[in-house]
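Contents: one structure, followed by commentary.
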Amino acid sequence: GESVGLHLPTLSVQEGDNSIINCAYSNSASDYFIWYKQESGKGPQFIIDIRSNMDKRQGQRVTVLLNKTVKHLSLQIAATQPGDSAVYFCAENDSGNTPLVFGKGTRLSVIA
Amino acid sequence: GAGVSQSPSNKVTEKGKDVELRCDPISGHTALYWYRQRLGQGLEFLIYFQGNSAPDKSGLPSDRFSAERTGESVSTLTIQRTQQEDSAVYLCASSLGGGPSYNEQFFGPGTRLTVL
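Keeping their order, the protein sequence lines are chains A and B. Counting along the first sequence from 1, when you hit position 13 you're at 95 in my numbering, and nothing is skipped either side. Counting along the second sequence from 1, when you hit position 17 you're at 1080 in my numbering, and nothing is skipped either side.
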């Protein structure tokens, strides 16, 4: 399959460390946010989502933080593992049926 | 169960030719989306089908692009008179419906289109 992000920003972390991936959005009306993970040659895979009435949501090893004041979203991955190596995208929309707007993505590279 | 499948996985064509890309959604999913992903970029929305409603075509970049869906099953994305800038990975996703913020979208592996 095709590599989807040869020129993306890259975050390199040591295995076992925590990772933080950031995303800025511009639409102040956005009320739903989602993080996807995309491995090489595969389609994006849902990780975690959050609505605008929350500022933090936790999953298994992942936490999403939302700061609506500065329109900033982050994904925290605890105890990063080699299997976490992928491109991560944020996406958002401003109502139930409007299309998701995707960010450009960040490549996470885990150093064993 | 089976996920979203797309065919072909790779397509190489000459400039000016027409191409058809196929998507088989997860059975029972009423919503189907097409996206384009250029190298090093995020996903660009193209078109959204929801049940029997008129599709949301607001993301189609030109009239060379069109898509059809048969009921709540297979969808075909057609690109006529392909141009080199059409080269990208075309991704299909399906969900239970109700819009992107109500139900998770499940993505297929994509079709890599290369226009020479």
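Each residue gets a CB set at the ideal place from its N, CA and C atoms; glycine is no exception.
- Where Ile1142(B) is concerned, the enclosing beta strand (DSSP E) starts and stops at Ser1138 to Ile1142.
- Distance from the CA atom of Ile129(A) to the CA atom of Lys119(A), rounded to whole angstroms, is 7 Å.
- Within the segment 1145 to 1175 of chain B, the complete beta strand (DSSP E) runs of at least 3 residues fall at 1151 to 1158.
- By alpha-carbon distance to Phe184(A), the top candidate from Trp117(A), Thr92(A) and Thr151(A) is Trp117(A).
- Taking all protein chains shown into account, Ser1129(B) has fewer than 16 neighbouring C-beta atoms within 10 Å of its C-beta and is therefore exposed.
- Under DSSP, the beta-bridge partners assigned to Asp131(A) are Ile116(A).
- The beta strand (DSSP E) runs of length 3 or more contained entirely in the segment 129 to 168 of chain A are, from start to end of the chain, 138 to 140, 144 to 149 and 154 to 159.
- With 16 or more other Cβ atoms inside 10 Å of its own Cβ, Tyr1153(B) counts as buried.
- Nearest to Ile1089(B) by alpha-carbon distance, out of Gly1160(B), Leu1179(B) and Arg1175(B), is Gly1160(B).
- Here the segment 161 to 181 of chain A lies against the segment 95 to 103 of chain A, with 3 or more beta-carbon pairs under 8 Å apart.
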